[in-house]
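Scroll down for the structure; my scribbles are underneath it.
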Amino acid sequence: MPIDSEQITQYLDQFISSRTISRTGSKYTRVSYRADLLQFLLYSAGIEADVGEIARQSEDQSQALERLTLADLNSHTLRAFMAFLRARGYKRSSISRKVSAVRSFLKFLQRELALESVPTINTRTLKPQLVYPKALDEPEVGVMIEAPNLQSSRGLRDWAIMELMYSSGLRVSELASLDVGHFHEGKRTLRVKGKGNKERLVPLGGFAEEAVLAYLKVRQDIPVKPFKPDSPALFLNREGRRLGVRSIQQLVRKYALGRGLGRVSPHTFRHSFATHLLNRGADLRSVQEMLGHASLSTTQKYTHISIEQLKKVYDKNHPRGK
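Heads up: the sequence shown begins at 59 in this note's numbering, then just goes up one per residue.
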């Protein structure tokens with residue numbers, strides 16, 4: 059059953075108006091409550107957005123909500139949404155609050171639309187160690203990177219984007235903010251501006267350097283209309299402007315679905331980067347530096363994934379292994 063974006067807005071307004079949300083001493087306002095719910099609805103429609111991005115309403119968001127159906131609002135989506143929030147570094151308390159808000163809103167929809175049931179999850183059972191970031195295996199990364207058509211300028215751009223994400227583990231916001239001058243040809247390094255405007259140098263693999271160099275040769279062909287040739291942005295859209303975070307997310311999703319890989323996001327490339335490094339023996343501190351994590355504990359979530367590799371090493375080499 060489709061729900062148009064106008065209906066969703068109306069239901070949100072009715073729901074929020076029906077609840078006493080503002081509490082003495084609480085920073086949890088009606089605005090943030092609405093943003094939490096929109097974050098879930100957009101995720102259900104295929105858009106991974108942080109609350110700050112939701113505040114900057116876009117045509118992409120409206121179009122995504124227009125595609126949303128009631129069937130999308132299920133337990134699988136809610137659990138995937140929780141995993142997405144964990145992967146983005148949200149605190150357990152924030153995740154519990156968001157999930158609680160979603161459950162309340164879905165119960166409201168159940169009453170308004172006479173639905174038989176809504177997804178139910180006990181937020182008190184939330185444990186960070188139960189859900190881990192998704193990582194592609196190495197062959198799947200290859201499938202993604204080989205997906206673009208290298209006979210077109212846009213295909214070369216998309217190839218360079220995915221090679222960079224996997225080669226350097228960049229956040230999608232970091233990738234979108236790259237300028238041509240951040241690429242150091244011949245040095246195999248990138249200058250990246252991360253969270254808090256902190257700059258770091260990250261290594262660049264040979265395959266990624268090759269892809270970026272190939273793209274730079276056709277970069278001026280990306281726009282379909284004249285643009286300022288001195289635009290500093292490394293990756294351009296068809297208007298000659300900087301390619302945005304949402305566009306990068308959409309192109310990654312398109313290639314993944316086209317190759318039958320399901321839900322893949324730029325963050326999946328980042329997870330794969332870290333996991334594969336650890337699987338091949340990289341130390342945690344080095345991976346922390348490359349990812350730009352302020353805390354080692356943030357990087358440690360990847361050690362669970364790579365434990366499978368450690369088990370294989372153990373079984374192969376320990377006298378009392380398999």
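Virtual Cβ for every residue (Gly too), placed ideally from N, Cα, C.
So, with DSSP's three-state summary, where would you put F293?
Start at 1 with the first residue of the sequence shown, and residue 293 comes out as number 235. The answer is coil: DSSP assigns F293 none of H, G, I, E or B.
Cβ contact check for the stretch 253-267 and the stretch 303-313: 3 or more pairs under 8 Å
Contact between the stretch 253-267 and the stretch 303-313 is absent: fewer than three C-beta pairs spanning the two stretches fall below 8 Å.
Give me whichever residues DSSP pairs with V276 in a beta bridge.
Along the sequence shown, one-based indexing puts residue 276 at 218. V276 pairs with nothing; no bridge assigned.
Going by beta-carbon coordinates alone, are F98 and F139 separated by less than 8 Å?
For the purposes of this step, residue 98 is taken as residue 40 along the sequence shown, with counting starting at 1. For the purposes of this step, residue 139 is taken as residue 81 along the sequence shown, with counting starting at 1. For the pair F98 and F139, the CB atoms are nearer than the 8 Å cut-off.
Enclosing alpha helix (DSSP H) for P261 [first to last residue]
Walking along the sequence shown from the start, residue 261 turns up at place 203. P261 -> not in any alpha helix (DSSP H); beta strand (DSSP E) instead, spanning E257 to P261.
Classification of A107 by the beta-carbon crowding that lies within 10 angstroms, buried from 16 upward
Stepping through the sequence shown from its first residue, residue 107 is reached at position 49. Flag for A107 reads buried.
Cut-off 7 Å between Cβ atoms - residues of its own chain near V189, not counting five sequence neighbours on either side:
The residue you call residue 189 lines up with position 131 of the sequence shown. Caution applies to V189, whose pLDDT of 49 falls short of 50 and renders its modelled position unreliable; the value that the coordinates give is listed next. Only M140, A141 and R144 meet the Cβ criterion.
Presumed contact (8 Å Cβ cut-off) between V238 and L294, rounded CB distance
Here the question's residue 238 lines up with position 180 in the sequence shown. Here the question's residue 294 lines up with position 236 in the sequence shown. Going by Cβ atoms, the distance from V238 to L294 rounds to 10 Å, so no, they are not a contact pair.
Under 8 Å between the Cβ atoms of R246 and L262?
Within the sequence shown, the letter at position 188 stands for residue 246. Within the sequence shown, the letter at position 204 stands for residue 262. The answer is yes: Cβ separation under 8 Å.
Helix, strand or coil at R92 [DSSP, three-state]
Locating residue 92 in the sequence shown gives position 34, where the first residue counts as 1. Looking at R92 - three-state DSSP - the assignment turns out to be helix.
Straight-line gap, S75 to L164 (C-alpha atoms, nearest Å):
Counting from 1 along the sequence shown, the entry for residue 75 is found at position 17. Counting from 1 along the sequence shown, the entry for residue 164 is found at position 106. Across the structure, S75 and L164 are spaced so that their CA atoms are roughly 15 Å apart.
Integer-rounded CB distance, given that S225 should sit under 8 Å from S266:
Taking the first residue of the sequence shown as position 1, residue 266 is located at position 208. Taking the first residue of the sequence shown as position 1, residue 225 is located at position 167. Looking at the sequence provided, one finds Ala at residue 266 rather than Ser. Indeed they touch by this definition, with Cβ atoms about 4 Å apart.
Closest to Q121 by CA distance: which of L131, I105 and K149 is it?
Here residue 121 is taken as the residue at index 63 of the sequence shown, counted from 1. Nearest neighbour of Q121 by Cα position, chosen from L131, I105 and K149, turns out to be I105.
So V282 and R296 are supposed to be a Cβ contact under 8 Å. How far apart are they, rounded?
Counting from 1 along the sequence shown, the entry for residue 282 is found at position 224. Counting from 1 along the sequence shown, the entry for residue 296 is found at position 238. The pair is a contact, with the Cβ atoms about 5 Å apart (cut-off 8 Å).
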